[in-house]
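In terms of our numbering, the sequence shown is residues 1 to 103. Ideal Cβ positions, reconstructed from N, Cα and C, are used throughout, including at glycine. Nothing here was measured: the structure is a model prediction, and the numbers come from that model. Here is the structure we will look at, set down as structure tokens.
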Amino acid sequence: MEGLGPTARIVWKLARNHTWGQPIPEEDVIALATKDEDGDEMRAALDAALELSFLTSGPHGLYIPNGQTKHEEAADWLRENTELQEYKITATLSRLPPEWPDS
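Structure below.
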């Protein structure tokens with residue numbers, strides 16, 4: 001998580017900690033992703049993350065749906081918005097097509 005901004009940490013934590021599309025409560029996501037930010041900063045980062053097409057919010061929390069399309073969208077976003085290595089993204093998002101990132 002070193003070098004990731006608040007919104008990227010939220011996306012990465014959701015990618016790393018969700019289990020087969022199970023939601024994580026919003027407050028838990030904020031707690032997992034917070035470093036030095038205060039609650040208002042992390043709430044703003046969460047609001048920004050919720051604008052991303054591959055995140056879903058439901059009554060039980062946030063998650064990245066299990067479909068290949070959503071995993072590919074999340075992987076593409078992480079590749080474009082972070083310095084995470086592709087092999088880490090590939091190992092984390094299990095539904096990526098074998099040809100990602102060239103797909």
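Neighbourhood of residue i by C-beta, 6 Å cutoff - its chain only, sequence neighbours within 5 removed
| i | result |
| --- | --- |
| THR34 | MET42 |
| PRO25 | GLY61 |
Inter-residue spacing [alpha-carbon to alpha-carbon] between residue i and residue j
| i | j | result |
| --- | --- | --- |
| PRO97 | LEU46 | 28 Å |
| GLN85 | GLY67 | 22 Å |
| GLU37 | GLY5 | 10 Å |
| VAL11 | ILE30 | 11 Å |
| THR69 | GLY39 | 32 Å |
| LEU105 | ASP102 | Within the shown structure, residues of the chain are numbered from 1 to 103, placing residue 105 beyond reach of any answer. |
| LEU52 | GLU80 | 13 Å |
| PRO59 | GLY3 | 31 Å |
Residue environment, residue i, which counts as buried when at least 16 other CB atoms sit within 10 Å
| i | result |
| --- | --- |
| SER49 | A small fix is needed here, since residue 49 is Ala in this sequence, not Ser. Buried, by the Cβ-count rule. |
| TYR63 | buried |
| PRO23 | buried |
Test item: CB-CB of residue i and residue j under 8 Å
| i | j | result |
| --- | --- | --- |
| ALA121 | THR82 | With the chain covering only 1 through 103, there is no way to say anything about residue 121. |
| THR90 | TRP100 | yes |
Of the listed residues the options, nearest to residue i (C-alpha basis)
| i | options | result |
| --- | --- | --- |
| GLU72 | ASN17, PHE54, LYS13 and PRO23 | PHE54 |
Residues near residue i by beta carbon distance below 7 Å, same chain, minus five either side
| i | result |
| --- | --- |
| ALA74 | VAL11, ALA15, PHE54, ILE64 and LEU93 |
| LEU32 | LYS13 and ASN17 |
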